[in-house]
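K.L.:
Can you keep this structure in mind? I'll have questions shortly.
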Amino acid sequence: MTRSALWRRIKRDYGPYLPLSPYLLVVLFPFYWMIITTFKRDNDLYNLTGVPFWFKESPTLSHIQLLLNDTLFITWLKNSLLIGAAVVVITLVIGLPAAYGLARIRFFGNRTLSTAMFLSYLIPPALLFLPLSQVVRKIGFVDSIWSLILVYPSFTLPFCTWLLMGFVRTVPAEIEESAQLDGCTRFQTFRLIVIPVIIPGIITAGIFAFTLTYQEFIYAITFISASANKTISYGVTTDLIRGDVFYWGSLMAGALIGAVPVAIVYAFSLDHFIHGLTAGALK
Amino acid sequence: MISPRDYAEPAGAIAVPAARPRRAVWRRWESLEGFVWVAPAFIYLAIFIAYPFVMSIFLSLSSARVGSPDWHYIGFTNFQRIFEDPTFWQTVRNSFIFTFGSEAIRLVIGLPLAFAMNRTFKGKRIVQGVILIPFVIPIALSSLAWKWMFDSLYSVINWMLMTLHIIDYPWQWLGEPGLAMWAVIILNVWRGFPFSAVILLAGLTAVPVEVIEAAKIDGAGPLRRFIYVVAPIVRPILFVGLLYSIVFSFTDFSAVWLLTQGGPYNTTHVFGTYAYNVGINAGDIGQGAAITLFMFPLLAVFVIVMLRLLRRE
Chain A
318 MTRSALWRRI KRDYGPYLPL SPYLLVVLFP FYWMIITTFK RDNDLYNLTG
368 VPFWFKESPT LSHIQLLLND TLFITWLKNS LLIGAAVVVI TLVIGLPAAY
418 GLARIRFFGN RTLSTAMFLS YLIPPALLFL PLSQVVRKIG FVDSIWSLIL
468 VYPSFTLPFC TWLLMGFVRT VPAEIEESAQ LDGCTRFQTF RLIVIPVIIP
518 GIITAGIFAF TLTYQEFIYA ITFISASANK TISYGVTTDL IRGDVFYWGS
568 LMAGALIGAV PVAIVYAFSL DHFIHGLTAG ALK
Chain X
374 MISPRDYAEP AGAIAVPAAR PRRAVWRRWE SLEGFVWVAP AFIYLAIFIA
424 YPFVMSIFLS LSSARVGSPD WHYIGFTNFQ RIFEDPTFWQ TVRNSFIFTF
474 GSEAIRLVIG LPLAFAMNRT FKGKRIVQGV ILIPFVIPIA LSSLAWKWMF
524 DSLYSVINWM LMTLHIIDYP WQWLGEPGLA MWAVIILNVW RGFPFSAVIL
574 LAGLTAVPVE VIEAAKIDGA GPLRRFIYVV APIVRPILFV GLLYSIVFSF
624 TDFSAVWLLT QGGPYNTTHV FGTYAYNVGI NAGDIGQGAA ITLFMFPLLA
674 VFVIVMLRLL RRE
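Structural data, given as structure tokens:
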């Protein structure tokens, strides 16, 4: 085989992957580093001689043990999952009818309300956390995960409703009209015709509600202070730093394990996720 | 947004007279009914977005502090103090550098990625999934990994740079004013470029193959094809995606807070972190609220631009 033929073959077989490899490296390296750190012994972690990319001493589980035994990691994980599930339910129960109403029912103020829904997504938590801390205190949910369950839908609702509106519009109006002619009430049409058709949209909205909730940080650190009420993001980033000492092995273990639920949801719903990302941003 | 087709009378409705009374009732109730469907959502948003927003205006005009619930109206004192506060002006500058610096780098590295993804190859789905991971993983958790990689003594990034003889002494990424800004930008780019790339990719796939082929036949090279054919089609999508991403960088809290807490010497404070420091850590809620309110006019500008673009489509 001549050189040019070889080059052509390489280009044909690996061409698409070559430009992607630096990206994959940059994306994945921090995770590799988290895994290595999680299992390295402290001596090994803080040994500056030699190449740091692999174990110089045998791996250890001590960091994970510290995380599980000396911190409330499992409680934080439970809190995060519980809050996530509750917020998904609230978001869908309130967001689905709103999406249907805005997308399908012609009423005075419909357009204004649709725009308001869109805009409220752009008012960031960084603008609202101070007054909301007062609202939470007034309602009497200081230092309780209920404060987060109540407040989080304020950012999942706009995004998910907007997303669901796009899906509702894909349901042919003719099907609904004929159901109405057959004597279905509006609610029956919604329940029996619209919802089954937009199940993929509902799944997408649920995934987003969960990931957005699971990622949230500023409200959590503003409203919560007791360790037992912390979420994953909050607990891992505060309780493993004692004074000036960073428990790096356990910190990385917590970050890794904490990311697992989102990673699982994400892996099973990749197509929904990418669709939602582009649709949510562009429609 | 709402196409007239959705509300067109179906042809069948006229042919079936028996159903007409029922339809008339449907129509009459529609206006009221619409409100019933959307009311829970808007009541929710009124309580948790509109009300706190108005409240933050009142707070900014008061002497509210953490732990003392009584507010005293103090006029524009909080704003006056902000204007005289050099750290605030530094925060404004930092926010712009952080936002637009990150955005520019995201685009520069996102565009080649989008081009590389814009073809069919084996395992494309998996590659796309992996590339998006930084965007999906909770930022607080991945920030920790970067904080460790930027560690003052055991930074693996320094180790690599020194081994490659790019630097000759360990850099204090999170301890030196200029470098710390780079560190938070690097984290923000790492987290956000997958989103930029996905948006760009969505734009690129919107360009019909026939149009590209036609331009090729007409003798346009890759660069000209990009400037004259691809870019105009991609532009509206790109703009909206860009504005989203700018708004989220501009209002970021977690990335900066976890990496530097605004330090060293306030050189990485952005609106969110500075307001948190003043409002929660120092307990001066009124002053903190005044700081957060400065985000609003800037956000409003972004939003107006976005709405205009959307309406034009």
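Protein chains in written order, with our numbering: chain A, 318 to 600; chain X, 374 to 686.
Glycine included, each C-beta is placed from N, C-alpha and C at the ideal position.
Give a yes or no on whether 8 angstroms exceeds the smallest Cβ distance from X/Y687 to chain A.
P.N.:
Past the boundaries of the shown model lies residue 687 of chain X; chain X is included only from 374 to 686, so the question cannot be answered.
K.L.:
Mind checking X/V389: buried by the 16 CB within 10 Å criterion, or exposed?
P.N.:
Its pLDDT being 42, under 50, X/V389 is placed unreliably by the model, and the measurement read from it follows with that caveat. Looking at its Cβ environment, which holds fewer than 16 other Cβ atoms inside 10 Å, X/V389 is exposed.
K.L.:
Considering only C-alpha positions, which residue in the set X/V603, X/G636, X/I470 and X/S468 is nearest to X/T578?
P.N.:
X/V603
K.L.:
Is there a Cβ of chain X sitting closer than 8 angstroms to that of A/Y564, yes or no?
P.N.:
no
K.L.:
How would you label A/F507, buried or exposed, when you count the other beta carbons within 10 angstroms and need 16 or more for buried?
P.N.:
Answer is buried; the Cβ neighbour count reaches 16.
K.L.:
Where does A/V562 sit, in a helix, a strand or coil, going by DSSP?
P.N.:
strand
K.L.:
Going by CA-CA distance only, name the one from X/S435, X/G448, X/G496 and X/M554 that's closest to X/W630.
P.N.:
X/M554
K.L.:
Output the residue ranges of the alpha helix (DSSP H) runs that lie fully inside the segment 502-574 of chain A and measure 4 residues or longer, sorted by chain position.
P.N.:
503-506, 516-532, 535-540 and 549-556
K.L.:
Straight-line CA distance for A/I440 to A/D359?
P.N.:
44 angstroms
K.L.:
Assuming X/L573 and X/A487 make a contact with CB atoms under 8 angstroms, what is their CB distance in whole Å?
P.N.:
4 angstroms
K.L.:
Which chain X residues sit within Cβ distance under 8 angstroms of A/F424?
P.N.:
E403, S404, L405, E406, G407 and F408
K.L.:
What are the residues that DSSP puts in a beta bridge with X/Y446?
P.N.:
In the DSSP output, where bridge partners are listed per residue, X/Y446 has X/S435.
K.L.:
Which class does X/S441 belong to by DSSP, given the choice of helix, strand or coil?
P.N.:
strand
K.L.:
Quick one, which of A/D361, A/L430 and A/D330 has its alpha-carbon nearest A/T377's?
P.N.:
A/D361
K.L.:
Distance, Cα to Cα, X/A673 vs X/L680?
P.N.:
10 angstroms
K.L.:
With three or more C-beta pairs closer than 8 angstroms as the rule, is the segment 493-500 of chain X touching the segment 536-547 of chain A?
P.N.:
When Cβ pairs closer than 8 angstroms are counted between the two stretches, the segment 536-547 of chain A is seen not to touch the segment 493-500 of chain X, the count staying below three.
K.L.:
Give the range of the alpha helix (DSSP H) segment to which X/E476 is assigned.
P.N.:
P459 to M490
K.L.:
What's the C-alpha gap between X/A392 and A/E493?
P.N.:
Because the pLDDT at X/A392 is just 46, under 50, the model does not fix this residue reliably, and the value given afterwards should be weighed accordingly. Rounded to the nearest whole angstrom, the C-alpha separation of X/A392 and A/E493 is 14 angstroms.
K.L.:
So, does the segment 583-594 of chain A touch the segment 555-564 of chain X, judging by three or more C-beta pairs under 8 angstroms?
P.N.:
no
K.L.:
For X/W546, which residues of its own chain have a beta-carbon under 6 angstroms away from its beta-carbon, when the five flanking residues on both sides are left out?
P.N.:
For X/W546, same chain residues with a beta-carbon under 6 angstroms away, outside a window of 5 residues either side, are F523, L552 and A556 in chain order.
K.L.:
Can you tell me the Cα-Cα spacing of A/V410 and A/Y331, whole angstroms?
P.N.:
48 angstroms
K.L.:
Starting from the N-terminal side, write out each stretch of the alpha helix (DSSP H) that is 4 residues or longer and does not extend beyond the segment 585-645 of chain X.
P.N.:
The qualifying runs are 604-623 and 627-632.
K.L.:
Nearest chain X C-beta to A/A415 closer than 8 angstroms, yes or no?
P.N.:
yes
K.L.:
Using the three-state DSSP reduction, which class does X/I430 fall into: helix, strand or coil?
P.N.:
helix
K.L.:
Flag this pair as yes or no: are the beta carbons of X/V571 and X/L505 separated by less than 8 angstroms?
P.N.:
yes
K.L.:
Output the boundary residues of the alpha helix (DSSP H) element that contains X/A501.
P.N.:
The displayed chain sequence assigns Gln, not Ala, to residue 501 of chain X. Segment K497 to I504, the alpha helix (DSSP H) holding X/Q501.
K.L.:
Alpha carbon to alpha carbon, what distance is there between A/A443 and X/F426?
P.N.:
11 angstroms
K.L.:
Cβ atoms of X/L632 and A/A576: under 8 angstroms apart, would you say?
P.N.:
no
K.L.:
Would you report the Cα separation of X/A419 and A/S471, rounded to the nearest angstrom?
P.N.:
9 angstroms
K.L.:
Determine the chain A residues that contact X/L519 at a beta-carbon separation under 7 angstroms, and present them in chain order.
P.N.:
What sits at residue 519 of chain X in the sequence shown is Trp, not Leu. Within chain A, the residues placing a beta-carbon under 7 angstroms from that of X/W519 are P347, ordered along the chain.
K.L.:
Would you say X/R492 faces chain A, with C-beta separation under 8 angstroms as the test?
P.N.:
The beta-carbon of X/R492 is placed less than 8 angstroms from the nearest beta-carbon of chain A.
K.L.:
So A/L529 and A/T473 are supposed to be a Cβ contact under 8 angstroms. How far apart are they, rounded?
P.N.:
5 angstroms
K.L.:
Is X/S569 near X/R479, with beta carbons less than 8 angstroms apart?
P.N.:
yes
K.L.:
Helix, strand or coil: which one does DSSP assign to X/D657?
P.N.:
coil
K.L.:
When you compare the CB positions of X/W532 and A/P369, do they come within less than 8 angstroms of one another, or not?
P.N.:
yes
K.L.:
Could you tell me whether the Cβ of X/L596 comes closer than 8 angstroms to any Cβ of chain A?
P.N.:
no
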